[in-house]
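S.K.: This is the structure I have questions about; it appears just below.
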DNA sequence: GACATGACGATTT
DNA sequence: GAAATCGCCATGT
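Residue numbers (the working numbering): 14 to 128.
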C-alpha cells in the first residue's frame, strides 16, 4: 500500500519524542533527528513540525534550533505565541532566543536512552 | 526528471 | 568570531 510511507513514519517518530519533552524543557531539531538515527536530516524534523498542525497536542514550542533560537515561532497561531508559551513554562526567552538553553536542553537520544 | 525551497547542522574560510 | 558554504532529504513546481 503505502510504498512511500517514509514521511508518515518519520512524523510519528518526531511527534512521539516531542510529546515526551518534560515541562520546562526544550530540545533541538538535530537532537530529535539524532535520536531517530538520522542527525543529518535535521531539516526533515523541521519539516515534520511543519505538519504538526495535524496534531494539536504537539508542544512544538519546546522544539527550537541548535542555537536555542525560536526559528519557527512564525508558524504558530501568532508569532509571539511560542515565546509567550515558553515563558509561561518558566523558560526565559530574550530576543526570540532561549536563555540558559544548554541548562534546560533535553536530549531525547539520552533521556529516552535511545542508542 | 530537473530546479528551487525549507521550523537545520556542522564545517570551513 | 562572523560569514559563507556544503550536506541531507523530502516536497512542490
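For each residue, glycine too, the CB sits at the ideal point set by N, CA and C.
(1) Relative to the C-alpha of residue 89, which residue among 122, 100, 111 and 66 is closest?
(2) Between which residues of its own chain and residue 103 is the CB-CB distance below 6 Å, once the five residues before and five after are set aside?
(3) Would you tell me roughly how many angstroms separate the C-alpha atoms of residue 59 and residue 116, rounded to the nearest one?
(4) Would DSSP call residue 117 helix, strand or coil?
(5) Taking only the alpha-carbon atoms, compute the straight-line gap between residue 44 and residue 34 and give it to the nearest angstrom.
M.R.: A quick look at the data gives this:
(1) On the first chain, residue 89 is found 76 positions in, with the first residue counted as 1. Comparing Cα-Cα distances from residue 89 to each of 122, 100, 111 and 66, the minimum goes to 66.
(2) Taking the first residue of the first chain as position 1, residue 103 is located at position 90. So the list reads 37, once near-sequence residues are dropped.
(3) Counting from one through the first chain, the residue named residue 59 turns up at place 46. Counting from one through the first chain, the residue named residue 116 turns up at place 103. C-alpha separation (whole angstroms): 22 Å.
(4) Within the first chain, residue 117 is the residue found at index 104, counting from 1. Reduced to three states, the DSSP call for residue 117 is helix.
(5) Within the first chain, the letter at position 31 stands for residue 44. Within the first chain, the letter at position 21 stands for residue 34. Going from the Cα of residue 44 to the Cα of residue 34 covers about 12 Å.
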